[in-house]
Structures are given as C-alpha cells and as structure tokens.
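Residue numbers (our numbering), protein chains in the order written: chain C, 1341 to 1499; chain D, 1341 to 1499. We put the CB at the ideal spot given by N, CA and C, even for glycine. None of the values given here were measured: they were computed from a predicted structure. Okay, so here's the structure we're looking at.
2 protein chains.
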Amino acid sequence: MRWEELQEETCSVARTLSVIGDRWTLLILRDAFLRVRRFEDFQKKLGISRHRLSERLKKLVAQGVLKKVEYQSSPPRYEYRLTEKGLDLYPIIMMMVRWGDKWMDDGNGAPMVYKHQGCGEYFVPEISCSECHEPLKPREVMPEFGPGTLAARRRKKNG
Amino acid sequence: MRWEELQEETCSVARTLSVIGDRWTLLILRDAFLRVRRFEDFQKKLGISRHRLSERLKKLVAQGVLKKVEYQSSPPRYEYRLTEKGLDLYPIIMMMVRWGDKWMDDGNGAPMVYKHQGCGEYFVPEISCSECHEPLKPREVMPEFGPGTLAARRRKKNG
DNA sequence: ATAGTAAGTTCCACAATGGAACGCACAAGG
DNA sequence: CCTTGTGCGTTCCATTGTGGAACTTACTAT
C-alpha cells in the first residue's frame, strides 16, 4: 500500500493517517497549536529540512488543515494558520500528550502541564461517550460496520 | 532530527511519535484492537511487506506496546497481544477515527460505528477535563512548562 | 516422500529524506 | 546604486528507508 492509497481505504484511521501519518506532520501541527506560523520559525524550531517542510506545509494547505494568510504585501509573505479542520485535530494531539506523559516519562515529570480555564484546575484529558458522558473503556465499545463499509461492499459486488 | 532523537525530546508528542509515528504502526495497532494477533494475519490484512511487518512488531514488543504470547509449542509459535501500555493507545485511535469520520468522509458515511455498552447508544468519542468533566476546547486550555521542561533546562545550564 | 503452514530473513531495485547550496524579491543602510 | 539582510522557497546529491519476491526453518498432515 502506498501513501495515496491510504486515503481510499474504507477506514477512518487510514484516512486520518493519510493526512497526519508521517514523522513530521504532527510536530508541525504541535507547533502550529503553540502559535508558530512562519516558515522560518517552523524550520528553526523543528530542525526539519527546508525541502521537507515546504512539501509538508503545501500538503497540509492542499488538505485544508492549514491556510495561508498574507501578513505583508511587498514582498508578499504568508503565514500558515490552522483552519477549523486543523483545530479539530486538537483531541488527537492532546491524547498523544496524555499517553506520552504517562508512558514515556524519562523520570523528570511532564514536559508541559495544562490548566483548564473553565474550572481553573490542572487536568488530564479524558475520553467520554457523547451520549451518556461516562469515561470510555475499550472493552465497553462494540464496533459495527457502518454505512461507509456497506456502500463499499455494494460497489465491489456490482463491479 | 532522526527517529532515535525523537524519543529524547522534552515533548510528549515527540516521544509518542517515536513509538507510533510512522506509516504502518497505527494500522498494525488498529488491527490489534480488532483482535488480529498473528504475523500472517497482519500481513494479509495490511498488505505490508513481511520485512517491514517483522521490524515494526519487533519494535513494538521492545517498547512494551505488544507482547509475544506462545499459542503452540511445537513448533513454537507466538501471537502479538496488546499490553496495558498498548491498550492505553485506544483514546488516540478513537480520536483519529472521530476526525476521519468528520473530515475525510467520501460521501458514504462512517466506515464503522460504535455502540457504548454502558448506555446502549451509538456514540462519538468526546474529550473532557479530568477535573470538571466539561468538554475541552483548545482555546480554554493554558499550557505551561512542566517539571520535565524545567529539569531539562537545569541539565542544559549545568552542562 | 510430498505438500502445507507459520513466522520470519535475505536481497535488490527504487523511493524518500537530510543537508547544504542556491535563487528571488524586496528593504534598509551607506 | 551597491551591498547586506530577510523570508521563503527550490535544486541537487549522497544516504537511508521501503516494497516485493524468493528463500529458510521447523514442524504437521496425508
């Protein structure tokens, strides 16, 4: 399977990976959430090659995760900002932070801590059910084939 | 920055990516959550090369995300099962599913749907604050440097 | 004997990547 | 105007990573 094929899989994990599933993209987005916006700043902070950075940013813009916004006109210069689609990656990143904090601690404690302005407390993100709002446990979740899979099967059967 | 260096970054996103941040690992783990356990089954389902699969499984076992469990003794054969550390990746994967369902729909609807056995309803995973249990929004979260970052700075300063 | 099964390993052509150097359009300073 | 600096890329090439097919090992089943 190649990169381009990932997007066509009938699987939302695969489709999401087709956007963010490489070494650099999530690090770029992490910095974007920390308000980094310009090419030079990304490059310096990340230590990614300019070549790769240029390509990834272009891809993220094409996919609607980032958008280019002009911040000066002569010469024209653009900065990269998260779109709504990009901002909506926040839960994925926060869950990665949670996992890293818990399982990849080097003995010095969490690199960052997070305060919730709603309640004023330091917190850890939790995952819950949209219907009953209870915390979700893997073993309490029953996956079933959805309409996307059924449609894909019909297409396959009917050629 | 190389793969091995990622793990040493003072950033939980980077550290998490050092484990799951390549094209294949999350697809392997997705299947592991769907109860795929054997080398041949992973290989057939994923279409990954045996070479790559062997290497990724080995890495995941080394990192404690999967464990090898003997299921027959002659000849000895092992299957790969999620450890507690691996099971705890569930929220990341579910949040990727949620994002893919929302933003990467091909017009046919979700590939899979999920029913919560706690309440019996089809649901979407939500992210909430561990303290007040309200849904989390990016703009309501204040990141601060944590003990890990402060320790890293001291180490740097003191040589 | 022969074929089949499960879990890898070896090998090689081809694709992806990192890093350094270069290009371009303009601004600011002398 | 000539030089230097800045921001954002692109080009080039040696090194690294990857896919795919064939091979290996150790058994079981016919």
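Reduced DSSP secondary structure (H/G/I, E/B, other) of residue i
i: V1401(D); result: helix
i: L1476(C); result: coil
i: Q1383(C); result: helix
i: V1359(D); result: helix
i: L1323(D); result: Nothing about residue 1323(D) can be reported from this structure: the residues present for chain D run from 1341 to 1499 only.
i: S1461(C); result: Note that residue 1461(C) corresponds to Glu in the displayed sequence, not to Ser. In the structure shown, E1461(C) sits in coil (DSSP, three-state: anything other than H, G, I, E or B).
i: E1466(D); result: strand
i: E1484(D); result: strand
i: K1389(D); result: Looking at the sequence shown, residue 1389(D) is not Lys but Ser. Three-state DSSP puts S1389(D) in coil, outside helix and strand.
Length of the line joining the Cα atoms of residue i and residue j
i: C1376(C); j: K1384(C); result: The displayed chain sequence assigns Val, not Cys, to residue 1376(C). Cα to Cα, the separation comes out at about 11 Å.
i: G1488(D); j: I1360(C); result: 26 Å
i: D1441(D); j: E1344(C); result: 18 Å
i: L1422(D); j: E1349(C); result: 24 Å
i: F1379(C); j: V1401(C); result: 13 Å
i: L1367(C); j: S1413(D); result: 44 Å
i: E1471(D); j: G1460(C); result: 9 Å
i: K1496(D); j: L1427(D); result: 35 Å
i: C1351(D); j: N1498(C); result: 49 Å
i: M1444(D); j: R1494(D); result: 44 Å
i: P1431(D); j: K1425(D); result: 12 Å
i: L1490(D); j: A1450(C); result: 10 Å
i: L1429(C); j: R1390(C); result: 24 Å
i: K1399(C); j: R1392(D); result: 26 Å
i: W1396(D); j: R1363(D); result: In the sequence as presented, Trp is not what sits at residue 1396(D); that position holds Arg. When rounded, the distance between both Cα atoms is 11 Å.
i: N1448(D); j: E1410(C); result: 36 Å
i: T1365(D); j: I1388(D); result: 11 Å
i: L1386(D); j: Q1347(C); result: 14 Å
i: S1394(C); j: R1342(D); result: 18 Å
i: G1458(D); j: P1483(C); result: 14 Å
i: E1480(C); j: C1469(C); result: 11 Å
i: F1485(C); j: D1446(D); result: 16 Å
i: A1492(D); j: F1382(D); result: 40 Å
**Item:** chain C contacts made by the stretch 1394–1408 of chain D, where a contact means CB separation under 7 Å
**Value:** From the stretch 1394–1408 of chain D, no residue has a Cβ closer than 7 Å to chain C.
**Request:** Could you please tell me which residues of the stretch 1456–1470 of chain C, in chain order, have their CB closer than 8 Å to any CB of chain D?
**Result:** Within the stretch 1456–1470 of chain C, the qualifying residues are H1456, Q1457, G1458, C1459, E1461, Y1462, F1463, V1464, P1465, E1466, I1467, S1468, C1469, S1470.
**Message:** Three Cβ pairs or more, each shorter than 8 Å: is that satisfied between the stretch 1465–1477 of chain C and the stretch 1468–1480 of chain D?
**Reply:** Of all C-beta pairs linking the stretch 1465–1477 of chain C to the stretch 1468–1480 of chain D, three or more are shorter than 8 Å, placing the two stretches in contact.
**Request:** Could you name the residues of the stretch 1351–1363 of chain D whose beta carbon sits closer than 9 Å to any beta carbon of chain C, in the order they occur along the chain?
**Result:** Listed by position along the chain: C1351, S1352, V1353, A1354, R1355, T1356, L1357, S1358, V1359, I1360, G1361, D1362, R1363.
**Asked** What are the uninterrupted segments assigned as alpha helix (DSSP H) that are 4 or more residues long and contained completely in the stretch 1415–1457 of chain D, given in chain order?
**Response** Under the rule that a run must span 4 or more residues, the alpha helix (DSSP H) segments found entirely inside the stretch 1415–1457 of chain D read 1424–1427, 1430–1443.
**Item:** the stretch 1355–1371 of chain C / the stretch 1434–1444 of chain D touching (three or more Cβ pairs under 8 Å)
**Value:** Two segments are said to touch when three or more pairs of C-beta atoms, one from each, lie closer than 8 Å; by this definition the stretch 1355–1371 of chain C touches the stretch 1434–1444 of chain D.
**Prompt:** At a cut of 8 Å, does the stretch 1446–1459 of chain D reach the stretch 1413–1423 of chain C through at least three beta carbon pairs?
**Reply:** Between the stretch 1446–1459 of chain D and the stretch 1413–1423 of chain C there are fewer than three C-beta pairs closer than 8 Å, too few to call the two in contact.
**Asked** Does the stretch 1393–1408 of chain D touch the stretch 1362–1382 of chain D, meaning 3 or more C-beta pairs lie closer than 8 Å?
**Response** Output reads yes: the stretch 1393–1408 of chain D touches the stretch 1362–1382 of chain D.
**Prompt:** If contact means a Cβ-Cβ distance below 8 Å, which residues of the stretch 1364–1380 of chain D contact chain C?
**Reply:** Residues L1366, L1367, R1370, F1373, L1374.
**Item:** Near-chain D residues of the stretch 1434–1456 of chain C (beta-carbon distance less than 8 Å), N- to C-terminal order
**Value:** Within the stretch 1434–1456 of chain C, the residues whose Cβ lies closer than 8 Å to some Cβ of chain D are M1434, M1435, M1436, V1437, R1438, W1439, G1440, D1441, K1442, W1443, M1444, D1445, D1446, N1448, G1449, A1450, P1451, M1452, V1453, Y1454, K1455, H1456, listed in chain order.
**Message:** Against chain C, which members of the stretch 1414–1435 of chain D pass a CB distance test of less than 7 Å?
**Reply:** Listed by position along the chain: K1425, L1427, D1428, L1429, Y1430, P1431, I1432, I1433, M1434, M1435.
**Prompt:** Taking Cβ-Cβ distances below 9 Å as the criterion, which residues of the stretch 1471–1483 of chain C are in contact with chain D?
**Reply:** Within the stretch 1471–1483 of chain C, E1471, C1472, H1473, E1474, P1475, L1476, K1477, P1478, R1479, E1480, V1481, M1482, P1483 place their CB atoms closer than 9 Å to a CB of chain D, listed in sequence order.
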